[in-house]
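Here is the structure we will look at.
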Ligand SMILES: Nc1ncnc2c1ncn2[C@@H]1O[C@H](COP(=O)(O)OP(=O)(O)O)[C@@H](O)[C@H]1O
Ligand SMILES: [Mg+2]
């Protein structure tokens, strides 16, 4: 297969994406595929071998059979690049436009998951105009509804950027101001006291499987940017130290959420587990994708090597495109 690996992008996760992209390209190359690396620069331009990539709708992407958008966060994981790839008419790894966009917006995703009856922490969305005009009322409402501590987050970022944990009522307003610097929509969530457990999902929307769950063991505090990317910030324990029953609930929930949000190819489902209570935190449609990233580690623990995983995702992408072409529109 000829595979175009896209990495970089305009989001704060540019460097994380570059690491994912380099690994994917190496893995697919080692598996015998013909790899074309495309870097999405921070200014939004695309480059291949030092030349700007010129895109023409309907004309594919540098002759690739499949594109692998190893992109995280806004302008990459949020349906924008997926829409562009649809217009170029090239098969691509991962979720389509709608599921990518829905999963990257924490308020939209939580509302949809609530409709699907999936257990989550209590939460409330806040919009910038209301925050600007009714600050005190909003603060009162949030405290009455969610209590303390809470987590305050921009609706559409990743890698813990812009997220604050608030334990003191006096700090809530500042945490909202900080989150609103990133996004006109903010989500405030009741804190879960559970352990963090993640599960990798692989397959088509209605025919996916879930890996055994792994537990995020933190050196200290919560899973912030430093814990995610600094050496020693986190260790992964597989299998997670949860009951067999909680493990089964978690895997079934991961598959159900993947299907209900219309995900495709891959997602990492992140949970809080409080004893037997399993709460879904989020689905990441393009999780970090190096051999030491949680997504790949969990499959490795189940016997699926990194190169084979990357190849499998490209096969799934081709199959999805074939299936979609069978429908008239
Ligand atoms: N409601 C919550 N209860 C407890 N911890 C939370 C909660 N929300 C977020 N956290 C902590 O913050 C981290 C990042 O939050 P998350 O919603 O996963 O954002 P991101 O999309 O940036 O990964 C989580 O992994 C967890 O450590
Ligand atoms: Mg997360």
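In the working numbering, the protein residues as written are 41 to 369. Ideal Cβ positions, reconstructed from N, Cα and C, are used throughout, including at glycine.
Backbone CA spacing between residue i and residue j [nearest angstrom]
i           : j           : result
residue 347 : residue 72  : 10 angstroms
residue 90  : residue 78  : 9 angstroms
residue 62  : residue 47  : 8 angstroms
residue 215 : residue 163 : 15 angstroms
residue 219 : residue 368 : 43 angstroms
residue 318 : residue 99  : 45 angstroms
residue 139 : residue 44  : 22 angstroms
Cβ-heavy atom distance, residue i to ligand 1, below 7 angstroms
i           : result
residue 230 : yes
residue 161 : yes
residue 67  : no
residue 269 : no
residue 115 : no
Rounded Cβ spacing between residue i and residue j (contact assumed at less than 8 angstroms)
i           : j           : result
residue 206 : residue 188 : 7 angstroms
residue 329 : residue 60  : 4 angstroms
residue 151 : residue 194 : No, residue 151 and residue 194 are not in contact; Cβ-Cβ is about 16 angstroms, not under 8 angstroms.
residue 342 : residue 251 : 5 angstroms
residue 349 : residue 339 : 5 angstroms
The beta strand (DSSP E) enclosing residue i, as first and last residue numbers
i           : result
residue 204 : 204-206
residue 80  : 74-80
residue 262 : No beta strand (DSSP E) contains residue 262, which DSSP labels as neither H nor E.
residue 239 : 235-244
Limits of the unbroken alpha helix (DSSP H) element including residue i
i           : result
residue 364 : 346-365
residue 296 : 284-300
residue 66  : 54-70
residue 123 : 120-128
Check: residue i C-beta below 7 angstroms from any heavy atom of ligand 2
i           : result
residue 310 : yes
residue 255 : no
residue 322 : yes
Minimum C-alpha distance to residue i - residue among the options
i           : options           : result
residue 121 : 167, 176, 51, 277 : 51
residue 331 : 49, 43, 56        : 56
residue 351 : 58, 54, 64, 160   : 64
residue 325 : 356, 136, 169     : 136
residue 301 : 69, 244, 266      : 244
residue 229 : 177, 320, 241     : 320
residue 182 : 172, 166, 308     : 166
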